[in-house]
Amino acid sequence: MFGSIGMPELVIILVIALIIFGPRKLPELGRSLGKSIGEFKKASNELQRTLEEEIRVEERKDQRAAIKLDQDSAIEAGTLSPVAAPDPTPASETVNRTNTGTPA
Numbered sequence: 021m022f023g024s025i026g027m028p029e030l031v032i033i034l035v036i037a038l039i040i041f042g043p044r045k046l047p048e049l050g051r052s053l054g055k056s057i058g059e060f061k062k063a064s065n066e067l068q069r070t071l072e073e074e075i076r077v078e079e080r081k082d083q084r085a086a087i088k089l090d091q092d093s094a095i096e097a098g099t100l101s102p103v104a105a106p107d108p109t110p111a112s113e114t115v116n117r118t119n120t121g122t123p124a
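Just add 20 to the spot in the sequence shown (first one is 1) and you have my numbering.
Here it is, written out as structure tokens:
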């Protein structure tokens, strides 16, 4: 819209400020302007860090929700499909039921 400010424009602005405010007030105005710009930058950086942290927190929540959903669906799939139950008696304790009762 305005384009970049070149050296001649900057000199004109400084001369006008010197005429309006005088040589005694100009350094004070420069310091207050510098402090204001510094505080604005600090506030904008803090806002940016806060937003980035909130985004990271939301991403972690989404990841945890996705993991929980995967776990729940895996558990649900495991309960719906029939799985053969293991034999509760070990092989060494199996009893031969075909024995006719005659001692060996």
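Every residue gets a Cβ at the ideal spot worked out from N, C-alpha and C, and that includes glycine.
These figures come from a predicted structure and were not determined experimentally.
| said: Tell me the DSSP secondary structure of glycine 98 in three-state form. | reply: In the displayed model, glycine 98 falls within a helix according to three-state DSSP.
| Of all the alpha helix (DSSP H) runs that stay within the bounds of the region 28–68, which reach a length of 4 or more residues? | none
| message | Given the structure, does proline 43 come close to the ligand ADP, in the sense that its CB is under 6 Å from one of the ligand's heavy atoms? | response | Absent from the structure shown: the ligand ADP. Ligands present: none.
| message | So for serine 93, helix, strand or coil by DSSP? | response | helix
| Beta-carbon gap between phenylalanine 41 and leucine 53 smaller than 7 Å | no
| request: Leaving out five residues on either side along the sequence, give the residues of the same chain with a beta carbon under 8 Å from the beta carbon of isoleucine 57. | output: none
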